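The listed protein sequences derive, respectively, from chains A and X.
Numbering follows my numbering, with no gaps: position 36 of the first sequence is 253.
Numbering follows my numbering, with no gaps: position 199 of the second sequence is 1166.
Here's the structure we're looking at; comments come further down.
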Amino acid sequence: MNAYTAPEPLNRKFFTPGVLVLIVLAVNGIAFVFARIFFGLGAVTHLNNQYPWGLWIGVDVAAGVALAAGGFTSAALGHVMHRENYQAIVRPALLTAMLGYTFVAFGVVIDIGRWYFVWHPIFMWNGNSPLFEVGMCVMIYMTVLYIEFLPLVTERFMGRVHLKGILSFLTRPLERILSTLDRALGKTMFVFIIAGIVLSTLHQSSLGTLMIIAGPKIHPLWQTPVLPLLFLLSAIAVGFPMVIFESLLASRSFGLKPEMDILSKLGSMVAPLLGIYLAFKIGDMVIRETFVYLVTPTTASVMFLIEVVVGVIIPLRMLLSRTVLRSPLWLFVASSLVIFGVLLNRINTFIVAYTPPYSIKPYFPSIGEISVTVGFVSLLVLLYRVAVLIFPVISVHKEVVTPISKYSIRGSVK
Amino acid sequence: MLTTAAAAAPEFAHAGSSRIPPADRMGVLVDLTACVGCRSCEVACKKAHGLPTGSDNLVPSDVHVPERRRPDPGSLTVVNEYKSSTGSSPPIFVKVQCMHCDYPSCESACIVGAITKKEGGEVLWDTDMCIGCRYCMVACPFQIPAFQFDTALKPDIVKCDFCFQRRKQGGVPACVEICPMEVLTYGRRSTLLEVARKKIENYPDRYSNHIYGELEAGGTSWMYISKADFKDLQFPDLKKDPMPGTSESIQHGIFAYFVPPISLYALLGGLMWITKNRRTSEEEMGE
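Okay, here's the thing in structure tokens:
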């Protein structure tokens, strides 16, 4: 019935050559974060009065939120639709979303000029501002993700708290807190799971609303009133590819058997979702007659074509093929292309399409900006590794399939 | 004459923006045909706002500034030179500063509501609220708000404040006061529109029939008249709908009394309950 064991902490060593490379990249990024804090945005970034937003908002925040969509799409599949077969991917997706949003928050904090005022929106509201909505939703959703992760903590430590020396008197109270938490969470978790999905649909779409107010400053290929819908649809489409991508990478890194039975099924759901996104994207282009901008080769038209052809159409066609769905390598390639497409869409919408009226030279991110973005991604991967070694996140494929009868309930059949 | 403006007003009111600008708001009419490019307004502005004037102290300046500049944290207004397209006629000088929109994008965009359109027409920024996200700069169609990128601690958003302090004490904006050529006329916006129309009517050879800022982006407190086409003077070509209209309609649609999010919540909850029950009964029935 279920080919996977219950999730358990992996027993692997932390340090590998790859991990050392990630640590170097992370330290380099953090060095630039300190430079930004002590010398200001101008010292580290290529931002200026014409280009107030750059790589950090486009990639760390906008693309970061989109690529963390695996959390809410897999929660919808696993918890709302109650597809028990997919349980094995829900926890890894939750962990990725939790870490993803944490780094989105870091990205916001270093990008805003007065980072120590990041809490202002909680008390100072502007309901007209899509950014206010994004900010509030991301803050609440991040809290929800941490709450959703708590059962993994209670599961890991309940009955195993053994504090020594002077702290030993804390053992009993800690145990009591953990078991109370476990019972309370077990009963109320559905509230948070549904809230997480609602919050995600809200801010995933509102991220698209952000650029609407910039009006003619955004290239017509991307500037459309349905931008929020396109952002939501693309976020839903990229959720499962992100889960597949990350699951295949983790299997390889930890030497586990790829969960192909689940991943193939997940992959087969991507094509219809991508198809809906593509239909709206092309439909919008036809209705607004923006295809005229594709005739002349400009940066905008080339980037748009790469985004749609390489990032949507090619993976869509690939994911319709059974051979692709069954091969770990091809499934990995197709998922990577979908992720690339959504990443490029966010970069295009926030950076490439943005043409300020008095720009003298176009914006290109500085070494500092790129270092911070790369550093944050490295840090995220490192924390993911730490988390799966400590907490019960990953389910391992059973070597021997246990007889079904062991799990079936007897005696209640009418 | 005034009826045109009055007839246009209700059109804006239901164009998506939630606020209606105060009726007797003030404004400035900039007559570009009179400007000689002396840049004394730049210096007066710096002095009025306590900004360093540097070598600009020599007023009136005949120092030629060939490059096109933009307002920045050190100067809230700048005057740029545009060669006339016909070649023989003298160059045109354009003073640039915040337009003080009637439906400001920056006000609508600001995450904490730190930017507001006030009774007197001015659009002001509140330093105690600002978090430095720079969304106002992304939103502004005129690319006016500037940011202190080189300040590490408490960087400001900087832009023309319509000299609201001076005006509160009964004065006029510093640039208006200093201008030797009477390029700038300060007054009630409705009156300024009449003045502009009369000028265009009386001197059709001197002005083209376009008051920039009367309708652009839903109207602005600062308005311009000129002979040259405004597109040739790098004025953005904007429609008459207020810039925040679309995004505010979307925002208010999604959050109409929180009905859509709550409905979605209920729908998902119902779905979860149904699928869970079905699972349990299947498990009970099976095997």
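Glycine included, each C-beta is placed from N, C-alpha and C at the ideal position.
This structure is a prediction, so every number in the text was calculated from the model and none was measured.
Got a sec, what are the start and stop residues for the alpha helix (DSSP H) residue i sits in?
i: residue 547 of chain A; result: 545–564
i: residue 328 of chain A; result: 304–328
i: residue 1220 of chain X; result: 1212–1221
i: residue 1135 of chain X; result: 1131–1135
i: residue 1014 of chain X; result: 1007–1015
i: residue 1073 of chain X; result: 1072–1076
i: residue 534 of chain A; result: 531–536
i: residue 595 of chain A; result: 584–607
i: residue 521 of chain A; result: 516–522
i: residue 282 of chain A; result: 281–284
i: residue 1104 of chain X; result: 1102–1106
i: residue 1144 of chain X; result: 1141–1145
i: residue 292 of chain A; result: 287–292
Using 10 angstroms around the beta-carbon of residue i, count the other beta-carbons present and answer buried if the total reaches 16, otherwise exposed.
i: residue 333 of chain A; result: exposed
i: residue 1199 of chain X; result: exposed
i: residue 388 of chain A; result: exposed
i: residue 223 of chain A; result: exposed
i: residue 627 of chain A; result: Residue placement at residue 627 of chain A cannot be trusted, given a pLDDT of 44 that sits under 50; what the coordinates show is reported in the next sentence. It counts as exposed.
i: residue 1061 of chain X; result: buried
i: residue 1188 of chain X; result: buried
i: residue 1095 of chain X; result: exposed
i: residue 1208 of chain X; result: buried
i: residue 1110 of chain X; result: buried
i: residue 1240 of chain X; result: exposed
i: residue 1185 of chain X; result: buried
i: residue 246 of chain A; result: buried
i: residue 266 of chain A; result: buried
i: residue 386 of chain A; result: exposed
i: residue 436 of chain A; result: buried
In terms of residues, what are the limits of the beta strand (DSSP E) holding residue i?
i: residue 1047 of chain X; result: 1045–1049
i: residue 569 of chain A; result: Here residue 569 of chain A belongs to no beta strand (DSSP E), and DSSP marks it neither H nor E.
i: residue 995 of chain X; result: 993–998
i: residue 1083 of chain X; result: 1082–1084
i: residue 1151 of chain X; result: 1151–1155
i: residue 1091 of chain X; result: 1090–1092
Once DSSP output is grouped into helix, strand and coil, what is the label at residue i?
i: residue 1067 of chain X; result: coil
i: residue 1187 of chain X; result: strand
i: residue 1034 of chain X; result: coil
i: residue 276 of chain A; result: helix
i: residue 254 of chain A; result: helix
i: residue 227 of chain A; result: coil
i: residue 982 of chain X; result: At residue 982 of chain X the pLDDT is 41, less than 50, meaning the model places this residue with poor confidence; the figure from the coordinates comes in the next sentence. If DSSP states are grouped into helix, strand and coil, residue 982 of chain X belongs with coil.
i: residue 614 of chain A; result: strand
i: residue 1113 of chain X; result: strand
i: residue 1172 of chain X; result: coil
i: residue 503 of chain A; result: helix
i: residue 1198 of chain X; result: helix
i: residue 527 of chain A; result: helix
i: residue 1224 of chain X; result: helix
i: residue 241 of chain A; result: helix
i: residue 1193 of chain X; result: coil
i: residue 1178 of chain X; result: coil
i: residue 676 of chain A; result: This structure cannot speak to residue 676 of chain A, because chain A is shown only from 218 to 631.
i: residue 1128 of chain X; result: coil
i: residue 1123 of chain X; result: coil
Please determine whether the Cβ atom of residue i lies at a distance below 6 Å from any heavy atom of the ligand FAD.
i: residue 1184 of chain X; result: For the structure depicted, the ligand FAD is absent and the ligand set is empty, with no information on it obtainable.
### Query
Given a limit of 8 Å on CB to CB distance, which residues of the stretch 1181–1195 of chain X reach chain A?
none
Between the stretch 1116–1129 of chain X and chain A, which residues of the former have a C-beta closer than 7 Å to a C-beta of the latter?
1116, 1117, 1118, 1119, 1121 and 1122
Open item on the list: Quick check for students: name the residue ranges of the alpha helix (DSSP H) that lie wholly in the stretch 424–486 of chain A, counting only runs of 4 or more.
Closed with: 444–471
inquiry  = Give me the subset of the stretch 1062–1081 of chain X whose CB atoms are less than 7 Å from a CB atom of chain A, sorted by chain position.
reply    = 1072, 1075, 1076, 1077, 1078, 1079 and 1080
Of the residues that make up the stretch 430–456 of chain A, which ones have a beta carbon closer than 8 Å to any beta carbon in chain X? 430, 431, 432, 433, 434, 442 and 445
Whole alpha helix (DSSP H) runs in the stretch 340–367 of chain A with 4 or more residues, listed along the chain?
none
*Mind checking the stretch 567–597 of chain A against chain X and listing, in chain order, the residues whose C-beta falls within less than 8 Å of any C-beta there?*
571, 573, 574 and 575
Under 8 Å (Cβ pairs) to chain X, residues found in the stretch 272–295 of chain A: 293
Name, going along the chain, the residues of the stretch 337–352 of chain A whose beta-carbon falls closer than 8 Å to a beta-carbon of chain X.
-> 337, 338, 341, 342, 343, 344, 345, 346, 347, 348, 349, 350 and 352
Selection of the stretch 484–513 of chain A by Cβ proximity to chain X, strictly under 7 Å:
none
Please list the residues of the stretch 1086–1108 of chain X that have a C-beta atom closer than 9 Å to any C-beta atom in chain A, keeping them in chain order. 1096, 1097, 1098, 1099, 1100, 1101, 1102, 1103, 1104, 1105, 1106, 1107 and 1108
### Message
Along the stretch 1131–1161 of chain X, where does the CB come closer than 8 Å to a CB of chain A? Name the residues.
### Response
none
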